[in-house]
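Taken in sequence, the protein lines are chains A and B.
For the first sequence, position 39 (counting from the first letter as 1) is numbered 65 according to this note's numbering, and the numbering increases by one without interruption.
For the second sequence, position 52 (counting from the first letter as 1) is numbered 234 according to this note's numbering, and the numbering increases by one without interruption.
Below: the structure, in structure tokens.
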Amino acid sequence: DAGVTQSPTHLIKTRGQQVTLRCSPKSGHDTVSWYQQALGQGPQFIFQYYEEEERQRGNFPDRFSGHQFPNYSSELNVNALLLGDSALYLCASSQTGVVAKNIQYFGAGTRLSVL
Amino acid sequence: GDSVTQMEGPVTLSEEAFLTINCTYTATGYPSLFWYVQYPGEGLQLLLKATKADDKGSNKGFEATYRKETTSFHLEKGSVQVSDSAVYFCALSDKQGAQKLVFGQGTRLTINP
């Protein structure tokens with residue numbers, strides 16, 4: 027059973043560019059959450075997608091946007107990259123509607139470096 | 183808003199030593215509490231969880247008890263191994279809505295043989 031998979035593993039961009047990160051959830055999961063983890067810090071919640079809609083959003087600017095597809099996979103888009111966007115971006119999947127199973131499972135992350 | 187505070191790291195111990203990593207939280211309502219572990223170059227793995235007061239989560243020799251009166255969820259292990267070296271994150275989620283996770287800053291643990 028494949029877990030949460032993210033691509034690419036590493037990415038280098040320059041300031042002002044745009045980037046798209048991808049996530050495939052664990053089999054049977056319908057909800058995808060995205061987190062940003064700066065070096066030496068805990069992950070910070072960006073947003074969550076369920077039924078192809080953004081269900082909740084953290085304290086991130088509109089430059090951060092996302093999408094969920096009918097197969098539950100998801101993309102995170104960041105526009106007008108800033109140096110401060112350099113971080114590990116983590117995707118987590120879970121199953122909504124079953125409280126006992128609403129545990130978030132994480133992928134290995136995408137390391138984004140903005141130069 | 184909700185928040186989690188972990189003890190400052192890094193923590194360095196010898197193999198077979200007793201481990202405690204402190205975690206306290208601030209939340210409205212009655213959150214679920216988690217410990218996640220991150221090994222070098224990997225994502226976060228759920229280590230254990232507790233969903234209500236006085237619950238004890240346990241896994242791989244690690245334990246943590248949900249203490250509502252002290253708003254704490256300290257991680258303990260009686261005898262650590264070199265393979266336990268990693269970064270440990272305490273987290274909470276409320277039981278309503280999206281149940282987003284709120285993390286502490288992490289504690290880096292190094293176990294020397």
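Beta carbons are placed, not taken as given, at the ideal position from N, Cα and C, and that holds for glycine.
With a cut-off of 8 Å, does the C-beta of residue i fall near any C-beta of chain A?
{"i": "Gln287(B)", "result": "yes"}
{"i": "Leu229(B)", "result": "no"}
{"i": "Glu224(B)", "result": "yes"}
{"i": "Phe255(B)", "result": "no"}
{"i": "Leu283(B)", "result": "yes"}
{"i": "Phe271(B)", "result": "yes"}
Per DSSP, which residues does residue i bridge with? Please list them.
{"i": "His93(A)", "result": "Glu101(A)"}
{"i": "Val58(A)", "result": "Tyr75(A), Ser119(A)"}
{"i": "Ser185(B)", "result": "Thr208(B)"}
{"i": "Ser139(A)", "result": "Ile38(A)"}
{"i": "Ile203(B)", "result": "Leu257(B)"}
{"i": "Asn241(B)", "result": "Phe244(B)"}
{"i": "Leu47(A)", "result": "Leu102(A)"}
{"i": "Tyr270(B)", "result": "Val219(B), Thr289(B)"}
When you compare the CB positions of residue i and residue j, do they come within less than 8 Å of one another, or not?
{"i": "Thr46(A)", "j": "Leu141(A)", "result": "no"}
{"i": "Leu116(A)", "j": "Phe132(A)", "result": "yes"}
{"i": "Ala232(B)", "j": "Ala246(B)", "result": "yes"}
{"i": "Thr31(A)", "j": "Gln121(A)", "result": "no"}
{"i": "Leu200(A)", "j": "Gly135(A)", "result": "The first residue shown for chain A is 27 and the last is 141, placing residue 200(A) beyond what the model contains."}
{"i": "Asp266(B)", "j": "Tyr248(B)", "result": "no"}
{"i": "Phe255(B)", "j": "Phe271(B)", "result": "no"}
{"i": "Tyr207(B)", "j": "Thr253(B)", "result": "yes"}
{"i": "Arg290(B)", "j": "Pro213(B)", "result": "no"}
{"i": "Gly288(B)", "j": "Gly68(A)", "result": "yes"}
{"i": "Ala28(A)", "j": "Ser53(A)", "result": "yes"}
{"i": "Leu257(B)", "j": "Ile203(B)", "result": "yes"}
{"i": "Glu80(A)", "j": "Gly92(A)", "result": "yes"}
Please classify residue i as buried or exposed, where buried requires at least 16 neighbouring CB atoms within 10 angstroms.
{"i": "Gly66(A)", "result": "exposed"}
{"i": "Asp88(A)", "result": "exposed"}
{"i": "Tyr75(A)", "result": "buried"}
{"i": "Gly42(A)", "result": "exposed"}
{"i": "His36(A)", "result": "exposed"}
{"i": "Ser221(B)", "result": "What sits at residue 221(B) in the sequence shown is Tyr, not Ser. Classification for Tyr221(B): exposed."}
{"i": "Ala268(B)", "result": "buried"}
{"i": "Gln94(A)", "result": "buried"}
{"i": "Phe244(B)", "result": "buried"}
{"i": "Gln143(A)", "result": "Coverage of chain A is limited to positions 27 through 141, which leaves residue 143(A) absent and any answer about it impossible."}
{"i": "Tyr211(B)", "result": "Reading off the sequence shown, one finds Gly at residue 211(B), where the question assumed Tyr. Per the 10 Å Cβ criterion, exposed."}
{"i": "Val186(B)", "result": "buried"}
{"i": "Leu109(A)", "result": "exposed"}
Is the Cβ of residue i closer than 8 Å to any Cβ of chain C?
{"i": "Phe95(A)", "result": "Of the chains in the structure shown, none is chain C; the protein chains are A and B."}
Hey, does residue i have any beta-carbon neighbour from chain B nearer than 8 Å?
{"i": "Leu107(A)", "result": "no"}
{"i": "Gln43(A)", "result": "no"}
{"i": "Phe71(A)", "result": "yes"}
{"i": "Phe132(A)", "result": "yes"}
{"i": "Ser59(A)", "result": "yes"}
{"i": "Ile129(A)", "result": "yes"}
{"i": "Gln74(A)", "result": "yes"}
{"i": "Gln82(A)", "result": "yes"}
{"i": "Gly68(A)", "result": "yes"}
Hey, residue i and residue j are a contact pair by Cβ (cut 8 Å); roughly how many whole angstroms apart?
{"i": "Gln71(A)", "j": "Lys282(B)", "result": "First, the residue type needs correcting, since residue 71(A) is Phe and not Gln in the sequence shown. Their Cβ separation, rounded to whole angstroms, is 4 Å, which keeps Phe71(A) and Lys282(B) in contact under 8 Å."}
{"i": "Ser119(A)", "j": "Pro51(A)", "result": "3 Å"}
{"i": "Val262(B)", "j": "Glu190(B)", "result": "Contact flag wrong, Cβ pair sits at about 18 Å."}
{"i": "Thr228(B)", "j": "Ile38(A)", "result": "Going by the sequence as given, residue 228(B) is Leu instead of Thr. In fact, because the Cβ distance is near 31 Å, the residues do not count as touching under 8 Å."}
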